[in-house]
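Residue numbers (this note's numbering), protein chains in the order written: chain A, 1 to 337; chain B, 1 to 255.
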C-alpha cells in the first residue's frame with residue numbers, strides 16, 4: 001500500500017485538475033497560471049541539478065529553454081500547421097496528439113546538445129569563471145536566434161496555437177494543461193531517481209570535494225557532462241511547453257532575466273532540495289500573480305523579499321533537506337522509488 | 001614481478017624541477033615510507049602516481065601497465081587508492097554515502113537502468129550498500145554509518161577516509177601523512193590500525209609521514225628525498241644514522 005500512495009495521489013490530483021478544467025470549473029486565467037506553475041517547476045528544479053546538487057553556478061539556463069522552445073515550435077508548425085514560411089503541414093494536423101510528445105522529446109535532446117556549450121568548458125573551469133561562460137552561452141543562443149530570419153528573428157515565432165486547436169478538434173480536452181503536467185511529473189520523477197542513486201550522488205560528491213571525487217573513482221568529466229546535459233535538456237522541455245502554452249515566442253523572452261527567475265526559484269527553495277524547488281516554483285508563480293495589481297512596483301517588492309530571505313534564511317526555504325527529512329512521519333505513508 | 005615500478009620520474013612546474021629522476025620499486029605486501037623535509041616533493045610523487053599530474057618524464061608501471069598520465073579515476077579503478085594530508089571527505093553526506101560513492105568504479109549499471117529502475121539497478125545498489133556496510137563493519141565504524149563526517153572527531157574522520165580508500169579494493173594504498181593533526185593517543189591507535197590493515201587486507205602500503213614514531217614502527221623500508229632528489233634509501237636503522245639525512249633535516253652547521 002505504501003508503494004502506491006504517491007502514484008495514487010499524483011494521479012488523483014492530475015485527474016481532478018483536468019476534470020475541473022474540462023467542466024470549466026476553473027477559468028482560463030487560472031488554467032494558464034497553473035500551466036506556468038508546472039513549467040516553472042520543471043525550469044527551476046532542472047537548474048537545481050547544476051546549481052544545487054553539483055554546486056556550479058549556471059546563470060544561462062534560459063538559453064537552453066530557448067533552444068527547446070524554438071526547436072519544438074518549428075517542428076510542430078512544420079509538421080502540423082499551415083504557415084507562411086513553411087507552407088502546408090507535412091502531416092495531417094490531427095496527428096498532433098501523437099506527434100507532440102515526440103516533439104517535446106526532440107526538444108529535450110536538442111537542448112541537451114546545446115548544454116554541451118557549457119558542459120565541455122566545465123571540465124577545466126569552475127565557479128565564477130564557469131558562471132561567466134554560462135552567461136555567454138545564453139547570449140550566444142539568443143543572438144543566434146535573433147539572426148536567423150527564417151524563424152522570425154527578433155520578431156519572434158508563432159503558429160503553435162493552431163497545433164493545439166488541431167488537438168482539441170480531435171478530442172476536446174484541455175490538452176496543454178495535460179501535457180504540462182505529464183511532463184512536470186515525468187521531470188520530477190527523473191530528477192528524483194537521478195539524485196537518489198549512487199550514480200547521481202556522484203555530482204553531490206563533485207560539489208563537496210571535486211578532488212576527492214576524482215580520486216575515489218568518480219569520473220568527474222562524465223558526471224559533469226551528464227548533469228549539464230540532463231539539466232539543460234529539461235530546460236528545453238520547459239521551453240517547449242512554454243512556447244506551446246503562449247503560442248508565441250520571442251528571443252528576448254529567454255534573456256538573462258528569465259535565467260534569473262530560475263536562479264531565484266532555486267535559491268528560494270533551497271539548493272539541493274527537490275521539494276524545495278517545487279515549492280519555490282509554486283510560490284514564485286503565485287507571488288508574481290498576486291502582486292500583479294502592483295504593476296511595475298512588483299519588481300521592487302519581489303527583489304526586496306529576496307533580500308529579506310537571504311538575510312534571515314540564506315539556505316532557502318528547505319535548506320538542503322527534503323520534505324521527508326523535515327517531517328519524518330511522512331515516510332510512514334509512502335515509499336517512493 | 002614488482003607491484004609498482006617507477007623509473008626516472010621527473011616533474012617540472014614551469015622552470016622548477018619538483019622531482020628529478022625518482023626511482024622506486026614496491027613489491028607486493030610491503031610497507032614503505034617516503035620522507036623528506038617540507039617541499040621535498042613527496043606529495044608530488046603521490047600526485048603523479050595517482051594521476052593528478054602527467055609526468056614530464058619517466059614511467060610508472062603498476063601491475064605491468066604504464067599508468068603515467070592516466071586520469072585519477074582510472075588509476076583508482078586499477079587498484080591504487082590514496083588518502084590526503086588534509087582530510088578530504090564529503091562532509092555534508094553520511095559516512096555510508098561516502099563509502100557508497102567510492103564504488104563508482106564498479107557501479108554495474110548505467111543511466112538507462114537508473115531512470116527505468118531496472119532489476120539490474122536494484123541488484124547493484126543492494127550489492128553496493130552491502131559492500132559499504134561490510135567495510136564499515138570491518139573497520140568498526142558501523143555505528144557512525146548515518147553520521148556526517150563533519151560531526152565526527154578528527155581521528156575518526158581519518159579512519160573513515162582510510163575506510164573509504166579501502167572500499168575500492170586497492171592493491172596499493174597511498175597514505176599522505178596519516179598522522180598529521182592527531183594527538184599522541186590517536187597516533188598510537190593509528191599505528192595499530194595500519195598494522196592491522198596491512199595484515200588483514202594483505203596490501204602494499206606506501207606512506208608519506210613526518211612523525212618518526214609511525215615510520216619507525218611500521219615500515220620495512222624508507223626512502224628519503226630532498227629538493228626532488230633521492231638522498232637515501234634503506235631500513236629505518238640505516239636511515240636514522242645516515243649523515244645525508246641528518247644534514248637534510250637539521251642542516252650542516254655552516255651558516
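Glycine residues also receive a C-beta, built at the ideal position from the N, C-alpha and C atoms.
Under the Cβ criterion of 9 Å, residue 201 of chain A is counted among the residues facing chain B. With respect to the C-alpha of residue 171 of chain A, the residue from A/22, A/32, A/199 having the closest C-alpha is A/22.
For residue 45 of chain A, the closest of A/29, A/301, A/273, A/259 by C-alpha to C-alpha distance is A/273. Within the segment 252–284 of chain A, complete alpha helix (DSSP H) segments of at least 4 residues are found at 256–269, given in chain order.
Within the model, the alpha-carbon separation for residue 195 of chain A versus residue 38 of chain A is close to 20 Å. Any Cβ of chain B closer than 9 Å to the Cβ of residue 126 of chain A would place that residue at the interface, and such an atom is absent. Residue pairing for residue 221 of chain B: DSSP places it in a beta bridge opposite B/32. Not a single CB atom of chain A sits nearer than 9 Å to the CB of residue 136 of chain B. Buried is the label assigned to residue 69 of chain A, since at least 16 other Cβ atoms lie within 10 Å of its Cβ.
Residue range 198–208 is occupied by the alpha helix (DSSP H) that includes residue 205 of chain A.
Around the C-beta of residue 299 of chain A, fewer than 16 other C-beta atoms lie within 10 Å, and the residue is accordingly described as exposed. Nearest to residue 12 of chain A by alpha-carbon distance, out of A/95, A/280, A/181, A/320, is A/181. Spanning the alpha carbons of residue 250 of chain A and residue 49 of chain B requires a straight line of approximately 53 Å.
Around the beta carbon of residue 179 of chain A, a 10 Å sphere encloses 16 or more other beta carbons of the protein chains shown; the residue is thus reported as buried. Taking a C-beta distance under 9 Å as the contact criterion, residue 153 of chain A and residue 146 of chain A qualify as a contact pair.
Shown here, residue 90 of chain B sits in coil according to DSSP, grouped into three states, outside any helix or strand. Around the C-beta of residue 65 of chain B, fewer than 16 other C-beta atoms lie within 10 Å, and the residue is accordingly described as exposed.
The closest CA to that of residue 166 of chain A, considering only A/61, A/281, A/82, A/287, is found on A/82.
At a C-beta separation below 8 Å, residue 194 of chain A has these neighbours in chain B: 114, 115.
Counting only Cβ-Cβ distances below 8 Å, residue 50 of chain B has contacts in chain A at 215, in chain order. When only Cα atoms are considered, residue 61 of chain B and residue 30 of chain B end up about 17 Å apart. DSSP, reduced to helix, strand and coil, places residue 105 of chain A within a helical segment of the structure shown. Distance check between residue 138 of chain B and each of B/190, B/84, B/201, B/229 places B/201 closest, using alpha-carbon atoms only. Only residues of its own chain outside the window of five on either side were considered, and among them 224, 231, 232, 239 have a CB closer than 7 Å to the CB of residue 245 of chain B, listed in chain order. Excluding its 5 nearest sequence neighbours in each direction, residue 42 of chain B has C-beta neighbours in its own chain below 6 Å: 34, 36, 208, listed in chain order.
At a Cβ-Cβ threshold of 9 Å, residue 111 of chain A and residue 64 of chain A count as neighbours. The C-beta distance from residue 218 of chain A to residue 205 of chain A rounds to 6 Å, short enough to meet the 8 Å contact threshold. The contact set of residue 197 of chain A on chain B, defined by CB atoms closer than 8 Å, consists of 114, 121, 125 in chain order.
The shortest C-alpha to C-alpha distance from residue 160 of chain A to any of A/2, A/75, A/56, A/29 is the one to A/75.
Among the CB atoms of chain B, one or more fall inside 9 Å of the CB of residue 220 of chain A. Per DSSP, reduced to three states, the secondary structure at residue 158 of chain A is strand.
Per DSSP, the continuous beta strand (DSSP E) segment holding residue 24 of chain B begins and ends at 16–26. Under the three-state reduction of DSSP, residue 204 of chain B is assigned to strand. Those residues of the segment 311–330 of chain A placed with their C-beta closer than 9 Å to a C-beta in chain B are 320, ordered along the chain.
Contact annotation, residue 172 of chain B with residue 4 of chain B: C-beta distance approximately 6 Å; criterion of less than 8 Å satisfied.
Cβ contact annotation for residue 187 of chain A (same chain, cutoff 6 Å, sequence separation greater than five): 42, 234, in chain order.
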